[in-house]
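Asks: Got a structure here, written out as structure tokens. Questions coming.
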Amino acid sequence: MKINKKIINKIEGEATLKIEGDKKIDFVQIEFWQYHGIEEYLKNKNYMDALVINPRVCGICGHSHLHATVKVIEKVFKAKISKKAQIFREVTSLLEIVENHIKWFYITIYPTQIKDKEYLFKAVKFSSKISKAIAILAGQFPHNSYMVPGGVTCDPTYMEIMRLKDLIKEIKEEYIKEIMDENLTSHDLERFFENLPKDIGKSLNKFLVLGESNIFKSNGDYKNVKEERNKSLSKNALYNNEYYEVGPLARMIINKNKNIKKIYDIYSDSIYTRMCARIYEPLLLLDYIEQKLSEVDLCEPSFLKPNVRNGKAIVAVEAPRGSLIHEISIKNEKIDYYNIVVPTQFNLASSTKENPSPAQAALMNEDIAYVDSVFRCFDICAVCMSH
Amino acid sequence: MRIFTMLSKLNVIWIDAVTCYGCTHSFLNYKEISSLFEKVNFEYHPLFLSNDLEIKQCDLLIVEGALKNNYPRLGYSLNELISKLFFKAKKVLALGTCAVYGGMFGEGLMYNKEQKGHYYKCRDKIINLPGCPPHPDWIAFVLDMISENKKIALDDLNRPKDIFAYTSHMGCTRNEYFEWKIDAENFGTKEGCLFYFQGCQGPFTHSSCNKVLWNEVSSKPRAGTPCFGCTEPNFPKNDLFKTDTFMGIPANIPLGVSKRAYLTLSGIAKSLNNERLSCKLINYKCGDNNEDK
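Here it is as structure tokens:
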């Protein structure tokens, strides 16, 4: 059978698809050939250095890597943090998810159907405001290191919290008006599907949420995750030896979101449902962020000095693209071992035709003309994959 | 020499070398990006809507990320791709610390950390814009200047002086604490300088982070995080949250002064014991609420 090799780029890196089939996709191998070696780089460094190195795994979701890093170190230290620090961390991490979803929609997947630079400008309008909101607490975005074991480095004033609240309100109002409203009405999403069937890209219909989070319920234990090599330089991630989809659609299904369930009942786990879930999620998150900011008590300490201990730990957080796992071993203040499992390793694993990964399953039996849109509907992070 | 013809946009090829894409995402925080697009045509960009890559001439080649052998990119080996494009470009912008000095991932264009790098001999056509990531305004400034055919004043490391003539210390809200040698012993406070205990490299890092604020509002030291010196060749150093010392004295002192003079000045400042800065700036009271009054 003829194999059509296609390099997919503009996905924070690139992937090679080896497509079997002429008009319809019979099967597809997904290959990543870049490798950065962050885990090796961390070895023998002071555990605190991981707070600076790990955000550099990824320029778009580095804050999630910071969040996972600080949580895994705190688990080793059995550290406690104040409610204030907890809220700040949650707010900035969720804002990163909102920003990622907007960029994915307008910059990563939108151009596969609609070639119009105005949508890039729309994404920038939102991303610059969201980054600003993160920076009020974290100092900058991307690449801050304001979460430290024991809390956060910042100590904002009432005035800064007021500015942050106002900014979140503005972002939410604009989101509802310009991207998607509470009834899931989205002019831009419908425009995307003008010439594309909504029911393509059906996948495994198996969902996984592993992140320990106040807003998302989890349905699994990250200790059951196993990595295995595939034919390229990336690793597949499996849960109890099976492939599952992670990300916003998984979060909406596991958390029984009624609005997304209505769409899911019609289109199942198709490209449309997947995109709806991702575009709808920011509305839930912005509501939650507003509520959390109203609970901030500035009298609480930002930082409680932890006791440094040796030991091992593993944690999972919910990152924009799904569950992100960090694992560490610390000996004498130095990193002895570090391992990272990113969401793309679940969604874009490369397996066999008989036991495909979510992205492989979504592509199989579809028209070859839809490859780009279906592949990107999982929100690939090739640079995370290449960590 | 004009590097592009009038009435045309600056034609740019932007290549993603070994990178985390932080430079691109930093640029995507530049609010006036649509105005810039009126002057700049991104012939190829690793994320934006653009044409497929062709090896051809351009006004400006932007390299984001480090060089590395055996690293595939767009069907070429990365170093071969950069080499083909480098000699066809009229000017080259090494964007971000990885492209300038190698950073965490490999070698830079002009430098390999502090040593001369592969393209050092071609330095006349390179502009270095380090930073992990570079500030969006810095990127916009360089693109705007080149598109207007204006000469950018560069320092000894080919970095724009408009950005790197400053230190990250300038404009830091903790400067008064630095002057009076009052240190922050812990994180999470408005008060105290981060230089002695938390590893802040602001006084000897070339950058305008505290002058041109990040995302319009803040900077790492303003948020209580030390400056990690991410615009300098040795980034990231080891023990980023610790101040390098020699016999208990900071190994690196503010740029432009002798160590002896600095230590004398520090001793005097510390002995003056500034009372105003030795206590909390604001003591919020728990349960602060106007309704209670």
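These protein sequence lines are chains V and F, in that order. Quick note on numbering: the first sequence equals residues 1 to 387 in this note's numbering. Quick note on numbering: the second sequence equals residues 388 to 680 in this note's numbering. Just so you know, even glycine gets a beta-carbon here, dropped at the ideal spot from N, CA and C. Please read these numbers as outputs of a predicted model, since none were measured by experiment.
1. Run down chain F in chain order and give the residues with a C-beta less than 7 angstroms from the C-beta of F303 (chain V).
2. Short of 8 angstroms in beta carbon distance, which residues of its chain neighbour N255 (chain V), apart from the five on each side in sequence? Order them along the chain.
3. Between which residues of its own chain and K680 (chain F) is the CB-CB distance below 8 angstroms, once the five residues before and five after are set aside?
4. Within the continuous alpha helix (DSSP H) that includes L397 (chain F), where are the two ends?
5. Restricting to Cα atoms, I'd like to know which of V:S213, V:N230, V:Y243, V:N214 is closest to N224 (chain V).
6. Would you verify that the beta carbon of G504 (chain F) is, or is not, closer than 8 angstroms to some beta carbon of chain V?
7. Taking contact to mean at least 3 C-beta pairs separated by less than 8 angstroms, is the region 363–371 of chain V in contact with the region 407–415 of chain F?
8. With a 10 Å radius around its C-beta and 16 neighbouring C-beta atoms as the bar for buried, classify N412 (chain V) as buried or exposed.
9. Any chance you could list the alpha helix (DSSP H) runs of at least 4 consecutive residues sitting entirely within the region 226–300 of chain V, in chain order?
10. Near L468 (chain F), what residues of its chain come up, given a Cβ to Cβ distance below 6 angstroms and the 5 sequence neighbours on each side ignored?
11. By alpha-carbon positions, which one of F:Y463, F:L496, F:S606, F:H593 ends up nearest to R510 (chain F)?
12. Taking C-beta to C-beta, are Y583 (chain F) and T630 (chain F) nearer than 8 angstroms?
13. What separation, rounded to the nearest whole angstrom, lies between the Cα atoms of G575 (chain F) and C666 (chain F)?
14. Can you tell me whether Y158 (chain V) is buried or exposed? The criterion is at least 16 other CB atoms within 10 Å of its CB, across all chains shown.
15. Return the first residue and the last residue of the beta strand (DSSP E) that S357 (chain V) is part of.
16. What did DSSP end up calling I8 (chain V) once you bin it into helix, strand or coil?
17. If I measure Cβ to Cβ from E31 (chain V) and keep anything under 6 angstroms in the same chain, skipping five residues before and after, which residues do I get?
18. To the nearest whole angstrom, what separates the beta carbons of I569 (chain F) and N639 (chain F), a pair I think is in contact under 8 angstroms?
19. Checking contacts by CB at 8 angstroms: is W401 (chain F) closer than that to chain V?
20. How close, in whole Å, do the beta carbons of W401 (chain F) and E441 (chain F) come, if the pair is a contact with beta carbons under 8 angstroms?
21. Taking C-beta pairs closer than 7 angstroms, name the residues in chain A that S421 (chain F) reaches, listed in chain order.
22. Would you mind giving the Cβ-Cβ distance between L324 (chain V) and S128 (chain V), rounded to the nearest angstrom? I have them listed as a contact below 8 angstroms.
23. So is K680 (chain F) in contact with chain V if we call contact Cβ pairs under 8 angstroms?
24. In the structure shown, what three-state DSSP assignment does N670 (chain F) receive?
25. If you run the structure through DSSP and keep just helix, strand and coil, what is K680 (chain F)?
26. What is the DSSP secondary structure of K460 (chain F), reduced to helix, strand or coil?
27. What are the residues that DSSP puts in a beta bridge with S323 (chain V)?
28. Give a yes or no on whether 8 angstroms exceeds the smallest Cβ distance from S131 (chain V) to chain F.
29. Three Cβ pairs or more, each shorter than 8 angstroms: is that satisfied between the region 64–75 of chain V and the region 418–430 of chain F?
30. Who are the Cβ neighbours of C617 (chain F) in its own chain at under 7 angstroms, not counting the five residues just before and after it?
31. Between the beta-carbon of K337 (chain V) and the beta-carbon of S329 (chain V), is there less than 8 angstroms?
32. Shorter than 7 angstroms, the distance from the beta carbon of K80 (chain V) to the closest heavy atom of the ligand SAH, or not?
33. Grouping DSSP H, G and I as helix and E and B as strand, with all else coil, what is Y431 (chain F)?
34. Could you tell me which residues DSSP puts in a beta bridge with W601 (chain F)?
35. Would the region 279–289 of chain V and the region 171–179 of chain V be scored as touching if the rule is three or more Cβ pairs under 8 angstroms?
36. Per DSSP, which residues does M147 (chain V) bridge with? Please list them.
Replies: Once the coordinates are examined:
1. Residues of chain F passing the Cβ test: N573, F574, G575.
2. Sequence-distant Cβ neighbours of N255 (chain V) in its own chain, meaning closer than 8 angstroms and more than five residues away, are V209, F216, K217.
3. Because the pLDDT at K680 (chain F) is just 42, under 50, the model does not fix this residue reliably, and the point stays unresolved.
4. For L397 (chain F), no alpha helix (DSSP H) run applies; the uninterrupted beta strand (DSSP E) run containing it begins and ends at 397–403, by DSSP.
5. Ranked by Cα distance from N224 (chain V), the first of V:S213, V:N230, V:Y243, V:N214 is V:Y243.
6. No, no contact with chain V.
7. Two segments are said to touch when three or more pairs of C-beta atoms, one from each, lie closer than 8 angstroms; by this definition the region 363–371 of chain V does not touch the region 407–415 of chain F.
8. Only positions 1 to 387 of chain V appear in this structure, which leaves residue 412 (chain V) out of reach.
9. Given a length threshold of 4 residues, each whole run of the alpha helix (DSSP H) inside the region 226–300 of chain V is given here in chain order: 248–254, 258–267, 271–293.
10. R460.
11. Residue F:L496 holds the alpha-carbon nearest to the alpha-carbon of R510 (chain F) among F:Y463, F:L496, F:S606, F:H593.
12. Result yes, Cβ atoms of Y583 (chain F) and T630 (chain F) sit closer than 8 angstroms.
13. Rounded to the nearest angstrom, the two C-alpha atoms are 15 angstroms apart.
14. Y158 (chain V) comes out exposed.
15. Run containing S357 (chain V): none; DSSP gives neither H nor E here.
16. Strand, per DSSP.
17. Hits under 6 angstroms: T16, S232.
18. I569 (chain F) to N639 (chain F), Cβ: 19 angstroms. No contact.
19. Chain V has no Cβ within less than 8 angstroms of the Cβ of W401 (chain F).
20. For W401 (chain F) against E441 (chain F), the beta-carbon gap comes to about 14 angstroms, at or over 8 angstroms, which does not count as contact.
21. Within the model displayed, chain A is absent; protein chains V and F are what it includes.
22. About 25 angstroms separates the two Cβ atoms, so there is no contact after all.
23. The predicted position of K680 (chain F) is uncertain, since its pLDDT is 42 and thus under 50; no value can be drawn from it.
24. Residue state, collapsed to three classes: coil.
25. Confidence is the limiting factor: at K680 (chain F) the pLDDT is only 42, short of 50, which leaves the residue's position unreliable, though a coordinate-based value still follows. Residue state, collapsed to three classes: coil.
26. A small correction: the amino acid at residue 460 (chain F) is Arg; Lys does not occupy that position in the sequence shown. In the three-state DSSP reduction, R460 (chain F) falls in the strand class (E or B).
27. In the DSSP assignment, S323 (chain V) forms a beta bridge with V:E318.
28. Answer yes: the Cβ-Cβ gap between S131 (chain V) and chain F drops below 8 angstroms somewhere.
29. In short, these stretches do not touch, since the Cβ pair count stays below three.
30. Within the same chain, C617 (chain F) has close Cβ partners T484, G518, C519.
31. Before going further, note that residue 337 (chain V) is Tyr rather than Lys in the sequence given. In terms of Cβ geometry, Y337 (chain V) and S329 (chain V) form a close pair [threshold 8 angstroms].
32. No copy of the ligand SAH appears in this structure; indeed no ligand is present at all.
33. Strand, per DSSP.
34. By DSSP's assignment, W601 (chain F) forms a beta bridge with F:S605.
35. Enough Cβ pairs lie closer than 8 angstroms, so yes.
36. According to DSSP, which records beta bridges pairwise, M147 (chain V) is partnered with V:V152.
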